[in-house]
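Below is one structure; the comments refer to it alone.
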Amino acid sequence: MHGKSDETYQRTLITPTRQDRGIADYSTTTDSYSVFGETTFNFTPDFRAIAGARWTHDDLEYDHRRVSTSATTVSGIQPATSSSGSVDEDGKSGRLGLQYDLNDSVMTYITYSRGYKGPAYNVFFNMQPRDTDALKPETSNTWEVGVKATTWNNRLTTNLAVFHSDYDNYQANFFDSVAGQVVTRLINAGSVSTEGVELDYALQATRNLKFSGALSYTKARIDSFACPAGAAASCNVDGKTLPYSPDWKSYVRADYTIPLDNGLDIELGTDYSWQSEVQYDISQNPDTKQGAYGIWNASVALADYNSGWRVALLGKNLADKSYSPMLATGGSYVYRSVPRDDERYFGVQLRKDF
């Protein structure tokens, strides 16, 4: 796999006495090669083992050139600089597992997985000398035990899993301040762990009525944080919550279909998702916490699947709940990302299958 990204970015600072400008040209090139395979060995008709492995080789290069009209740092613009670098890494990943069928409807399993995420560079407009070192690859070790069941004449499907994961050289976003501006820097955050329980289900209650949902509890914590050099934020975060990881998440949905005599279908749908409080900053800034919130959506549609068309009226965030998927701080400011459904809105969706 080959990937290349080129970008040119310009910033201009205008004050009553002068004007400063900075222009940065930067690029990254990635080449990734892998060999993988998986097999299943049946001990008996009900008991089997699975084994899979992947070898990955990553080549990563970057080039960065920034010019500036100022020889010193001004707001939002660093002095001129240029750098380039390259790194190559080999990674091993895969999984081993056992599966046992209790009967024709229930299967249990245990799986061990080894994960690998390749190296990375922080390449951005105000790139600094400390950003020229490549991030180390992230590795993970995960154990999962679960059960999958299909019952009630295949009308009810349920999945339950318990898991534990350990990550080394965890690659995480770290909010920092460069030239008076907030930047999101990718860092090797050290060691983190996650563990929890996940449940999901789908129920065909009647011919026309279907329910589905999911519930998860995840305890994601920072075990040992590797504080980046020159970080402006606090690094005393061992044992704290991993960013973007609410403890609880849930989702429920209901769909009801009304067949019409002319071959058309009226489809009614509604869903509700909820999550507990979440922290967005690895430094645990109290200003970057999003409180618990829930989003309610609904739709009504008219469909003709024989002709392959469907038109739907959508209602999003019907309870008009304001929330943010990202909060960051810089100086005395809090930067808030605003999602499309931050407020209640309605829309029309058209679909035609050919």
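Quick note: the sequence shown uses numbering that gives the first Met the number 0, first residue 0, plus one each step.
Every residue gets a Cβ at the ideal spot worked out from N, C-alpha and C, and that includes glycine.
Just so we're clear, the structure is a prediction, and the values are computed from it rather than from any experiment.
The bridge partners DSSP lists for Asn102 come to none.
In the DSSP assignment, no residue is bridged to Gly262. In the three-state DSSP reduction, Thr7 falls in the strand class (E or B). For the pair Val196 and Ala160, the Cα-to-Cα distance works out to about 6 Å.
Assigned with DSSP and collapsed to three states, Thr43 falls in coil, not helix or strand. Take the alpha-carbon of Ala48 and the one of Tyr108: they are about 10 Å apart.
When the Cα atoms are used, Leu208 and Trp247 turn out to be separated by approximately 27 Å. Here Asp352 carries a coil assignment [DSSP, helix/strand/coil]. The C-alpha of Leu134 lies about 37 Å from the C-alpha of Val146.
Apart from sequence neighbours up to five positions away, the residues of its chain that approach Met106 with a beta-carbon distance below 8 Å are Gln98, Tyr99, Asp100, Val146, Lys147 and Ala148, ordered along the chain.
Within the same chain, Ala50 come within 7 Å of Thr38 by CB-CB distance, once the 5 residues on both sides are set aside.
For the pair Leu202 and Phe42, the Cα-to-Cα distance works out to about 33 Å. Below 8 Å, enough C-beta pairs join the region 22-30 and the region 52-65 to call them touching: three or more. Inter-residue distance for Lys91 and Thr138 is about 9 Å (C-alpha atoms, whole angstroms). Annotation for Val177: Asn125 place their beta carbon closer than 6 Å to its own, counting only its chain and skipping 5 residues before and after. The beta carbons of Ser223 and Ser190 sit about 4 Å from each other, so the pair counts as a contact at 8 Å. Per the C-alpha coordinates, the member of Arg65, Met0, Arg17 and Arg113 positioned closest to Arg53 is Arg113.
Apart from the 5 residues on each side of it in sequence, Lys351 sits with its Cβ closer than 7 Å to the Cβ of Gly307 and Trp308 in its chain, given in chain order.
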